[in-house]
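Since the structure comes first, as structure tokens, the remarks are kept for the end.
Number of protein chains: 2
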Amino acid sequence: MPVYTFEQCSDIIAQTLNNPAHLNREPFGLYEPILYTFSTGGKYIRSSLALLACNLFSDKIDQALYPAIALEAFHNFTLIHDDIMDDAPIRRGKPTVHMKWSANTALLSGDAMHVLACQYMLRAPGAVLQPVLQMFHKTAMEVCEGQQWDMDFEHADYISIDEYLRMIELKTSVLLACSLYIGGLCGGGDQVQCDWLYQFGRNLGLAFQIQDDLLDVYADPAVFGKATGGDIVANKKTFLLITAMNKADEAMRLRLHRAMSTYFPTPEEKIAEVTAIYDTLHIREDAEKEIERYFNFALDALDKVEVDAPRKEEIRKLALRLMKRQK
Amino acid sequence: MPVYTFEQCSDIIAQTLNNPAHLNREPFGLYEPILYTFSTGGKYIRSSLALLACNLFSDKIDQALYPAIALEAFHNFTLIHDDIMDDAPIRRGKPTVHMKWSANTALLSGDAMHVLACQYMLRAPGAVLQPVLQMFHKTAMEVCEGQQWDMDFEHADYISIDEYLRMIELKTSVLLACSLYIGGLCGGGDQVQCDWLYQFGRNLGLAFQIQDDLLDVYADPAVFGKATGGDIVANKKTFLLITAMNKADEAMRLRLHRAMSTYFPTPEEKIAEVTAIYDTLHIREDAEKEIERYFNFALDALDKVEVDAPRKEEIRKLALRLMKRQK
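So the protein lines, in turn, are chains A and B.
To convert a position in the first sequence, counted from 1, into my numbering, add 91.
To convert a position in the second sequence, counted from 1, into my numbering, add 91.
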């Protein structure tokens with residue numbers, strides 16, 4: 092039974108997504124933004140995880156191919172609509188759909204992409220179609236809920252760390268979990284194994300998202316690929332900021348509030364001041380501990396999947412890579 | 092075997108839609124606009140047609156209940172997003188979602204309503220789940236295409252009558268057709284019968300939409316419920332305007348273009364001038380002939396459905412009522 096690597100899986104996804112002849116059709120105003128979005132690539136994490144999960148139980152990974160493509164289409168649909176809501180100009184180094192065309196085009200093409208995702212998902216093996224679709228739509232609703240919480244939190248005075256974790260779980264983790272679950276089902280994995288795959292994906296997603304918050308402040312910009320401190324400049328309520336607010340005594344809380352509301356001549360000064368507060372409060376260590384905790388939950392869940400260890404190696408390697416770790 | 096009336100069906104739909112306890116949950120910012128939209132009612136034409144079509148083949152119309160609710164949810168989702176795109180302030184006499192909340196809220200709640208529609212549709216009987224979903228998503232894509240053509244046509248210099256008919260077919264008729272088809276399948280109707288139901292719905296939708304264009308100009312405002320001439324004031328490319336453009340000689344075409352581009356002190360004067368042109372060209376008669384033609388196609392298709400005539404009577408009566416006819 093062949094074991095596919097992440098690279099092989101993401102190549103298969105790229106080939107399938109970059110040759111969708113059935114989308115080269117009128118009305119071009121609807122389909123061109125979809126083709127454009129697919130052409131901007133992405134890392135194909137979700138779709139590759141679906142193929143790798145399928146491969147745990149079966150060597151016929153094409154059983155999970157269209158469900159995997161569906162997950163990619165769904166993810167891209169949410170990005171197009173999120174970018175309208177955030178008025179984001181750039182995605183994957185290219186103009187966002189609403190900037191390149193218009194908000195109306197991005198709205199409608201996004202809707203069409205959501206339909207397309209449903210159509211692709213319908214190509215799951217008949218024997219598992221019902222549970223696959225159940226998980227897919229449940230997850231889709233949770234992703235909408237996560238986006239709503241995220242928007243609500245922008246205007247909230249106080250958010251607890253539990254509320255924050257629930258938000259990132261809904262917005263990010265459940266789709267990773269769903270990808271593994273659906274891939275597993277398509278490969279013939281039973282309910283128990285797929286539930287463990289789900290828990291693996293959910294905890295990996297949480298670890299990844301907290302790490303994303305951490306890297307915004309503490310990453311090496313040359314390695315991270317984007318400038319650090321963006322979240323600080325935007326006063327974004329990240330794991331770091333919420334933890335700092337909770338840990339700070341009255342004086343430190345005032346200093347943090349002042350840093351967030353004062354005018355700084357340059358962004359660098361604001362970043363330096365907030366980072367100094369984080370350092371004093373040892374927020375970096377707190378975040379690292381939490382990342383470690385969720386990442387270990389993830390690996391424990393993967394251990395529980397009753398499949399020979401070598402077959403799980405590619406998934407474990409991808410998880411390590413996502414977390415930028417060696418082992 | 093009981094034969095349900097349209098009133099009974101729409102009451103069942105109203106009861107189910109107005110008591111969705113499972114939607115009374117957080118985040119309220121996501122679910123309240125959905126509950127609000129359901130509470131504004133509507134005529135439940137699509138969902139009732141699904142129940143009536145189910146009832147042709149089975150007395151257990153609850154087999155089609157959630158698919159019917161799904162069609163209603165899907166229709167309302169498209170209205171919420173269309174209203175953003177058209178910046179429409181009022182729907183069913185109430186503020187539209189993007190006016191009452193915001194465009195972002197309408198965007199995201201609309202997306203959630205689309206997911207909800209998929210979840211409801213998943214409750215179709217297992218034996219027909221695959222073809223039901225196939226038809227549902229195919230139709231959803233066509234509705235997106237219809238909306239795109241409609242937006243494209245706003246900026247087009249010339250549209251043929253065939254292009255116009257194809258646009259209204261996609262934007263309006265296919266969802267009526269899909270409702271009857273899915274209802275029929277849920278009731279146990281075979282492929283051939285459901286295809287005839289589809290053709291009935293498709294042609295009824297075309298007749299209805301052309302009639303909608305006609306009534307905007309020639310209806311009695313007291314009966315029609317809204318002021319006439321709105322399409323003329325907006326220079327909307329309706330069946331009447333496109334037919335007039337095609338029939339007019341050079342002089343008449345110039346007069347029509349002038350009427351569309353000149354400043355009139357009051358809308359009434361513009362409406363009177365364009366209506367006078369339509370009258371001269373006998374556009375009303377052309378439209379009535381076309382409505383008659385599609386309506387007869389619809390009734391012929393319904394005749395072909397192999398079910399005792401009395402069982403089809405409620406569907407025929409609803410069609411007559413939609414067309415404001417006695418027989």
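The beta carbon of each residue, even a glycine, is placed where N, CA and C say it ideally should be.
Close beta carbons around residue i, own chain, < 7 Å, minus the five adjacent residues each side
i: residue 258 of chain A; result: 237, 240, 241 and 244
i: residue 201 of chain B; result: 168, 171 and 172
i: residue 303 of chain A; result: none
Neighbouring residues, chain A, relative to residue i (Cβ below 8 Å)
i: residue 215 of chain B; result: Those do not exist, as residue 215 of chain B stays about 10 Å from chain A at its closest Cβ, beyond 8 Å.
Proximal chain B residues relative to residue i, where beta-carbon distance stays under 7 Å
i: residue 472 of chain A; result: The shown model of chain A, from 92 to 418, leaves out residue 472 of chain A, and the question about it has no answer.
Contacts of residue i in chain B (Cβ-Cβ under 9 Å)
i: residue 247 of chain A; result: The contacting residues do not exist; residue 247 of chain A stays about 11 Å from chain B at best.
For residue j and residue i, believed in contact at Cβ under 8 Å, the rounded distance
i: residue 172 of chain A; j: residue 206 of chain B; result: No, residue 172 of chain A and residue 206 of chain B are not in contact; Cβ-Cβ is about 12 Å, not under 8 Å.
i: residue 156 of chain A; j: residue 187 of chain A; result: That pair is no contact at about 28 Å.
i: residue 397 of chain A; j: residue 284 of chain A; result: 6 Å
i: residue 104 of chain B; j: residue 135 of chain B; result: 4 Å
i: residue 296 of chain B; j: residue 263 of chain B; result: 5 Å
i: residue 235 of chain B; j: residue 158 of chain B; result: Incorrect: roughly 20 Å between the Cβ atoms, too far for contact.
i: residue 204 of chain A; j: residue 125 of chain A; result: 5 Å
i: residue 279 of chain A; j: residue 149 of chain A; result: 5 Å
i: residue 389 of chain B; j: residue 291 of chain B; result: 5 Å
Same chain only: Cβ atoms within 8 Å of residue i, ignoring 5 sequence neighbours per side
i: residue 183 of chain B; result: 131, 132 and 133
i: residue 371 of chain A; result: 343
i: residue 351 of chain A; result: 326 and 365
i: residue 260 of chain B; result: 237, 293, 296 and 297
Neighbour list for residue i in chain A, Cβ cutoff strictly below 9 Å
i: residue 220 of chain B; result: 220, 221 and 224
Listed by chain order, chain A residues near residue i by CB distance under 7 Å
i: residue 235 of chain B; result: 121, 199, 202, 203 and 206
i: residue 231 of chain B; result: 206
i: residue 228 of chain B; result: 206, 209, 210 and 213
Own chain residues within Cβ distance below 6 Å of residue i, not counting five before or after
i: residue 175 of chain B; result: 189, 194 and 197
i: residue 305 of chain A; result: 378
i: residue 289 of chain A; result: 268 and 272
i: residue 310 of chain A; result: 319
i: residue 362 of chain B; result: 320 and 323
i: residue 165 of chain A; result: 208
i: residue 179 of chain B; result: 187
i: residue 299 of chain A; result: 413
i: residue 381 of chain A; result: 301
i: residue 265 of chain B; result: 230 and 233
i: residue 161 of chain B; result: 208, 211 and 212
i: residue 374 of chain B; result: 331, 334 and 335
i: residue 225 of chain A; result: none
i: residue 294 of chain B; result: 385, 388 and 389
i: residue 129 of chain A; result: 108
i: residue 287 of chain B; result: 392, 395 and 396
> What are the residues of the region 198-211 of chain B that lie near chain A, defined by any Cβ-Cβ distance shorter than 9 Å?
Replying inline: Those residues of the region 198-211 of chain B that come within reach of chain A (Cβ to Cβ, closer than 9 Å) are 198, 199, 200, 201, 202, 203, 205, 206, 207, 209 and 210.
> Mind listing which residues of the region 110-136 of chain B have their C-beta closer than 7 Å to chain A's C-betas, in chain order?
Replying inline: Listed by position, the residues of the region 110-136 of chain B near chain A (Cβ gap below 7 Å) are 118, 120 and 121.
> For the region 210-225 of chain A against the region 271-281 of chain A, are there 3 or more C-beta pairs whose distance is under 8 Å?
Replying inline: Touching, per the Cβ criterion.
>> Which residues of the region 162-173 of chain B have a Cβ closer than 7 Å to any Cβ of chain A? Give them in chain order.
In response: When C-beta distances to chain A are compared with 7 Å, the residues of the region 162-173 of chain B below that value are 172, in chain order.
>> Please list, in chain order, the residues of the region 238-264 of chain B that have any C-beta partner in chain A closer than 8 Å.
In response: Those would be 238, 239, 240, 242 and 243, in chain order.
> Just checking, does the region 116-125 of chain B make contact with the region 245-255 of chain B on the three C-beta pairs under 8 Å criterion?
Replying inline: Output reads no: the region 245-255 of chain B does not touch the region 116-125 of chain B.
> Taking any Cβ of chain B, which residues in the region 175-200 of chain A have a Cβ under 7 Å from it, in chain order?
Replying inline: Interface annotation for the region 175-200 of chain A against chain B: 175, 176, 195, 198 and 199, criterion Cβ-Cβ distance under 7 Å.
>> Counting only Cβ-Cβ distances shorter than 9 Å, please list the residues of the region 341-355 of chain A near chain B, keeping chain order.
In response: Per Cβ criterion, the list is empty.
>> Could you check whether the region 132-149 of chain A touches the region 262-271 of chain B, counting it as contact only if at least three pairs of C-beta atoms, one from each stretch, sit closer than 8 Å?
In response: Taking 8 Å as the limit for Cβ pairs, the verdict is that the region 262-271 of chain B does not touch the region 132-149 of chain A.
>> When you compare the region 398-415 of chain B with the region 96-103 of chain B, are there three or more beta-carbon pairs, one atom per stretch, that lie closer than 8 Å?
In response: Yes, they touch.
> Is the region 349-366 of chain A close to the region 394-406 of chain A, with three or more CB pairs under 8 Å?
Replying inline: No, because fewer than three Cβ pairs between the region 349-366 of chain A and the region 394-406 of chain A fall closer than 8 Å, the two stretches do not touch.
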